[in-house]
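So that you can map any letter, position 255 of the sequence shown is 254 in my numbering, and since no number is skipped, the others follow by simple counting. Heads up, the beta-carbon is just placed ideally off N, CA and C, and yes, glycines get one too. Okay, so here's the structure we're looking at.
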Amino acid sequence: MFSLRISTFVWVFSCVVALAAEDSARWQLVWQDEFDGKALDLSKWEFEVNAQGGGNNELQYYVTNNAHLMDGLLVLEARKERYTGPGGTREYTSSRIRTKRKGDWQYGRFDIRARLPKGKGMWPAIWMMPTDETYGGWPNSGEIDIMELVGHEAHKVHGTLHYGDAVKGHVYKGTNSALAVATFADDFHVFRLDWEPEAMRWFVDGHLYQTQTNWHTRTKPFPAPFDQRFHLILNLAIGGNWPGNPDEKTVFPQAMAVDYVRVYRKRE
0 MFSLRISTFV WVFSCVVALA AEDSARWQLV WQDEFDGKAL DLSKWEFEVN
50 AQGGGNNELQ YYVTNNAHLM DGLLVLEARK ERYTGPGGTR EYTSSRIRTK
100 RKGDWQYGRF DIRARLPKGK GMWPAIWMMP TDETYGGWPN SGEIDIMELV
150 GHEAHKVHGT LHYGDAVKGH VYKGTNSALA VATFADDFHV FRLDWEPEAM
200 RWFVDGHLYQ TQTNWHTRTK PFPAPFDQRF HLILNLAIGG NWPGNPDEKT
250 VFPQAMAVDY VRVYRKRE
């Protein structure tokens, strides 16, 4: 039995090494943040400070104080606290950061290792928006959702594309990946998007759960609008049309913890 266990371990380890070597042969690391410093690296990220509600009736005021680095992690924290700023008064605060004009990419592989919050009203997201809006305002120039979760379904994450025309046909197309365990809040998981000219693929912990190969925009066919530069956004929203608002069972504070963000370019 001991010999069998050793053999099995060696086989699994060999497979992992082989897969890592294959990935290294296909992809070159071009941008990363391991969050090992004392504060957020503002040469790579910028804060978005607002109370706009994301166009989804969200409840939070995004501020800078709710994002911090701790033990090699980026922590975005959702708090139940009143905050008043130029955008008005809100009863909750959180943080939202982006790489716009500090990290913009046309195609690539995006790996983000994160642990997610849970509870009704929690809405963590890892996503991408067009840097230049070449085809016009949302959704004409597209949106790429690498990972979204609604807190009352904390065992399930969603990957989605938004495109088309806000007036004549906003298209949102995607699916979800469910865990065999209870919740994505229990441990860290790697959320990955492979974005190539002809296809996009979504993974959780190396498991491919979705491929999309067809999209368009209002004025141009495939591969528009996903043939332009996009940037990354990390945020933790509170409430809104999709997750609903927090209830008496929702515990605060909640946090989305990010271990790393790594961006790769496909080798020629």
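Contact annotation: the region 92-108 touches the region 222-237, with at least three C-beta pairs closer than 8 Å. One Cα belongs to D186, the other to S93, and the distance between them is close to 21 Å.
In terms of Cα proximity to V257, the closest of R112, T133, R81 is R112. The continuous beta strand (DSSP E) containing H157 extends over residues 155-164. In this structure, the CA atom of N240 is about 15 Å from the CA atom of G118. Going by DSSP, Q27 is part of the beta strand (DSSP E) stretching over 26-32.
Beta-bridge annotation (DSSP): S140 is not paired with any residue. In the structure shown, E80 adopts extended strand secondary structure according to DSSP, grouped into three states. Remark: C-beta atoms of P123 and P116 approach each other more closely than 9 Å. Burial check for S23: the Cβ neighbour count within 10 Å stays below 16, so the residue is exposed. Judged by pairs of C-beta atoms under 8 Å, the region 213-220 does not touch the region 84-92, as fewer than three such pairs exist.
Two segments are said to touch when three or more pairs of C-beta atoms, one from each, lie closer than 8 Å; by this definition the region 161-172 does not touch the region 244-263.
Closest option to H67, judged by alpha-carbon separation, among Y60, G52, E45, K37: K37.
Contact between the region 76-86 and the region 193-211 is not established, with fewer than three Cβ pairs separated by less than 8 Å.
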